[in-house]
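First comes the structure, then the notes that go with it.
Residue numbers (the working numbering), protein chains in the order written: chain Z, 1 to 606; chain S, 1001 to 1202.
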């Protein structure tokens, strides 16, 4: 294929710009950036919600928020952080990095990828629009029936939640099919399964979890919606229905969901630690299989969220043992990370700071997780702040620290600019201190009996000081985020371009310019080992030359399309009909949906 | 447009298999719900047992019409057979065979759907709706979503049929029919499970 070296101006003349090019884009890198930008905004919204909650809890008998507003805020904080922040930030990395790391020009279905993004965007907007009507979801992110059935939640709040989540599920499932096929089918020559970067492996396992877990919540949400709209009896006790069925279905989805949130983080950390230790990942095969084992066990532990429902000694024992068993493959991973650093030539750059903090924070969250696995202990801890402390140590201390590590690590590749190291370290220390100040005291107030999800507490129970500290910690976290935003803003405006390989990386994304050209690789690379770039540098006896920008002439790329957007509008309109204007709005939505699908199917894909 | 793939399998074929794997969990959740609530209805009509309506003292027999549904089940399974022959025709460029058997597939699917519409209508007249009892809620939801899948399959196969009639389905594009056929087979296999659990096991 023709690959002539171009001068800078000529390459820029070819770059497609403008709003329309973003609306119709099917480029996995642009879709990745759209995912990242949207998810980061939702992350900031979710963080603001948390700040309001912390202000309310900063002092006893506070009236800053009403009980109803508090319910809406904690429900939206959880829903936002899980479905609109951590999952789509992971999706940003799936989008941008998986094709680059496996040596592909795009994902298997570029238009389906765009469709996933638009549906995600509409689902997120739909959930948040509820605030304008002061009718945000208010029954918790777990939406327990029969609290969520019509008699106990008569307003539209839960409808927003049901329809929003259903929409986000469609986005996740479409993306999961896409990435599953991409990873199996679009690997470059020599990229055998056991040579794939660990991030690709963990993403692959995450897609399997998405494919198997999301249909279950889809069905649960359908049944809840039918109970609310068509008066079915799935969770209606008066008709013989059993609200506990909701809990089972929700947690059969919900527990794999927490591995959907953490496995991509595991993958990111497994990329960063070797690069900044100048050592290959220790125990590669053990890392792959422990990840797969965690995912497998993840489907057999759901009822540890339900010990308090009184399932009896046999079910309690089964779920206690299967839960404790998960500590084994997780421990394997932690020891392998430590083994990777051990004896390495450690480079303390910002991504490494966050990755190391991830290990420490995740261990703390993991340990309190093992404590919950024991039903007698869990009965004391359940519904207290101890649980809130636990899952923030794994989801914030774990997922968010790792995703931030990934941001500092991959930002140069995505945007062609380096983030500031000094601001990065300020960000790191503020975030580490703020995080621990916010969540460490929750262990103690929790064990002392402070219940979760309650909007205030009386004075004199010994909760005041620790809650005040937590609120101060939350504000330190907010400052940390401002530093991060400033860092991003500053580096995007910086005129200094990032090199193709700023960190002495081992994987294929560092072989191409930063940011990559539309077609990624002028020539698809052939891979001979797990660390192809390190191998190439060894063979050359030093760093590789800066890759040149080349003309993409003769490289066939998919055409842009706006039908994914139309189809996504069809999806959200159809589902909105269950909240307003049933069945006419649904029919209009179905018509848009069909138009979108048929136009999509018959347009030339390029 | 077909790039060489790592496995040699077309990505669209792999995607439909992946989707079918995911759909298994969708139906597994609906079917499990049906099974969990089997026999838990507080009031009739019941699927197999008769029931005396306290409002008018009338006896309503088990509401399921097993011979009728057995017939429509048979027709649906035969449509799976027909789509295999249609695919055979598509792959070998036998246009008459492709169009004939694909039409037969669609007729089979349409008869099945017609049977379901008749059945739903009949049940509503007998006093069984989504909110009569747990049987009504679980039965209509499970079989309704299956019927929805059959409808999607019919639209999909119909689209392929139109392209075939317009002469735009040469053997090298037989995959367009194959992936639709895989989905169709899946919908049929799910129905075998549903039919057995709802209609055959008392």
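We put the CB at the ideal spot given by N, CA and C, even for glycine. Remember, it's a predicted structure, so these values are computed and weren't measured experimentally.
If you look at residue 1178 of chain S, you'll find it in the alpha helix (DSSP H) that goes 1175-1195. Shortest Cα-Cα distance from residue 1126 of chain S to any of S/1175, S/1062, S/1134 involves S/1062. For a cut-off of 8 Å, the C-beta gap from residue 439 of chain Z to residue 393 of chain Z is around 6 Å, short enough to register as a contact. In this model, residue 335 of chain Z and residue 290 of chain Z are separated by some 12 Å (Cα to Cα). If the five residues before and after residue 1150 of chain S are omitted, its C-beta is found closer than 7 Å to the C-beta atoms of 1109, 1112, 1113, 1187, all from its own chain and listed in chain order. Taking a Cβ-Cβ cut-off of 8 Å, the neighbours of residue 1021 of chain S in chain Z comprise 211, 212, given in sequence order. Where residue 1164 of chain S is concerned, the enclosing alpha helix (DSSP H) starts and stops at 1134-1165. Boundaries of the alpha helix (DSSP H) around residue 250 of chain Z: 243-277. Within chain Z, the C-beta atoms nearer than 7 Å to that of residue 1025 of chain S come from 212, 215, 216, in chain order. Residue 451 of chain Z and residue 307 of chain Z have their alpha carbons spaced roughly 17 Å apart.
By the neighbour-count definition (other C-beta atoms within 10 Å, threshold 16), residue 66 of chain Z is an exposed residue. Identification of residues in the stretch 178-189 of chain Z having a C-beta nearer than 7 Å to some C-beta of chain S yields 180, 181, 184, 185, 186, 187, given in sequence order. Using a Cβ-Cβ cut-off of 8 Å, residue 566 of chain Z is close to nothing in chain S; its nearest Cβ partner there is about 18 Å away. Around the C-beta of residue 248 of chain Z, 16 or more other C-beta atoms lie within 10 Å, and the residue is accordingly described as buried. In this structure, DSSP gives residue 1047 of chain S a state outside helix and strand, which the three-state scheme calls coil. One thing to note: residue 295 of chain Z has its Cβ no nearer than 7 Å to the Cβ of residue 319 of chain Z. Assigned with DSSP and collapsed to three states, residue 24 of chain Z falls in coil, not helix or strand. Beta bridge pairing from DSSP links residue 1059 of chain S with S/1052. Any Cβ of chain S closer than 7 Å to the Cβ of residue 233 of chain Z would place that residue at the interface, and such an atom is present. DSSP, read as helix, strand or coil, puts residue 576 of chain Z in helix. At a cut-off of 3 residues, not a single continuous stretch assigned as beta strand (DSSP E) sits fully inside the stretch 330-392 of chain Z.
Sixteen is the threshold: when 16 or more other Cβ atoms of the shown chains lie within 10 Å of the Cβ of residue 372 of chain Z, as they do, the residue is buried. For residue 481 of chain Z, the enclosing alpha helix (DSSP H) begins and ends at 464-493. Excluding its 5 nearest sequence neighbours in each direction, residue 172 of chain Z has C-beta neighbours in its own chain below 6 Å: 210, 214, listed in chain order. Against chain Z, the beta carbon of residue 1133 of chain S has neighbours under 8 Å at 233, 239, 240, listed in chain order. Not a single CB atom of chain S sits nearer than 7 Å to the CB of residue 275 of chain Z. Around the Cβ of residue 56 of chain Z, a 10 Å sphere holds 16 or more other Cβ atoms; the residue is buried. CA-CA distance, residue 54 of chain Z to residue 147 of chain Z, rounds to 25 Å. In the same chain as residue 130 of chain Z, and ignoring 5 residues on each side of it, the C-beta atoms closer than 6 Å to its own belong to 136, 160, in chain order. The three-state reading of DSSP puts residue 496 of chain Z in coil, since its state is none of H, G, I, E or B. Spanning the alpha carbons of residue 426 of chain Z and residue 285 of chain Z requires a straight line of approximately 36 Å. By the neighbour-count definition (other C-beta atoms within 10 Å, threshold 16), residue 1157 of chain S is a buried residue. When DSSP states are grouped into helix, strand and coil, residue 550 of chain Z belongs to the strand group. Contact annotation: residue 277 of chain Z and residue 232 of chain Z have beta-carbon atoms that are not nearer than 7 Å.
Membership of residue 561 of chain Z in any alpha helix (DSSP H) is not indicated, and neither H nor E is assigned to it by DSSP. Taking the beta carbon of residue 1030 of chain S as reference, the chain Z residues within 8 Å of it are 219, listed in sequence order.
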